[in-house]
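Adding 50 to a residue's 1-based position in the sequence shown gives its number in this note's numbering.
Virtual Cβ for every residue (Gly too), placed ideally from N, Cα, C.
Written below as structure tokens is the structure these notes are about.
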Amino acid sequence: MSLNTFCECVKRVPTNVRIDFSGMAEPWLNPDCLAMVHFAAGRGHPLAMFTTLLGVTPTDLEMLAEIHFEPFVIHLPDTEGNSPIPVTQAYLALVEQVLDLLQSGTGWSKVRISCHGTLNPRLAEAFGARLSDANIPVVSSLSDRAGSLKDAHLLHYQVAGRITCSTAQRLLNHNVLLPDGTVILCCMDYGCQHVLGNLLTQPYPTLFTGTEMDAVLAGLDDPALALLCRRCVRAVPY
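In structure tokens form, the structure reads like this:
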């Protein structure tokens, strides 16, 4: 996504809407990520960060420490190889810098570690005690992304009856902005099954009043209608 596209889309979003730097890719592999963060922060949006630290520089971290994120989530590599992030000396230094910044005080709140398996042994040996002392939880979970992954070892879901989303309820406003301005339902919709609109060409409120949103809301009530949400771990009875 270009910086210009990001800025033009975010200008259409009310400032009380949280901007998550996350979605379906590592945000810091975009060379304009820091500028995007500053733009969203300057508009007064609440911010959240989900990062593997790939693409982040030590200078980036120093600048991010001055910005409030809630939450700030770091995804670290696991032993099983579900997240094959190279654990280099430079990577270890970044993780250490993060912990140093947390100890010295930052604008980050609700800091946690995400790991799709058992924490990589090099990281566990180097930082396990510090994570424990700082009371930073290491959350280990795997999801089939609402049925997108067919792996036999993953739990698969099919929820019947009237349902709602445990994350966004029936507002369904936990959406994902794609590089061309397209907005899809959520971070589970890797197949772009539910396209709500495009923020380069329409106002933000219309994302929630169009035919696709109407179809999604109908599907929450009617199990006979095709709906991604019924296969999602976040689906709960309504």
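Asked	Found
Rounded Cβ spacing between D70 and A98 (contact assumed at less than 8 Å)	4 Å
DSSP state of S182 mapped onto helix, strand, coil	helix
DSSP state of C57 mapped onto helix, strand, coil	helix
Selected residue, minimal CA-CA separation from S159, among A174, V106, D110 and V123	V123
DSSP-derived helix/strand/coil call for M20	The shown model of the chain, from 51 to 288, leaves out residue 20, and the question about it has no answer.
A91, DSSP secondary structure in three states	helix
Whole-Å CB distance - M263 paired with R195, under 8 Å assumed	In fact, because the Cβ distance is near 21 Å, the residues do not count as touching under 8 Å.
Length-filtered (4 minimum) alpha helix (DSSP H) runs lying within the segment 147-231	171-183
Helix, strand or coil at G292 according to DSSP, with G and I counted as helix	The requested residue 292 does not occur in the structure, where the chain is confined to residues 51 to 288.
Selected residue, minimal CA-CA separation from M86, among V60, T251 and A276	V60
Local conformation of M51 per DSSP, three classes	coil
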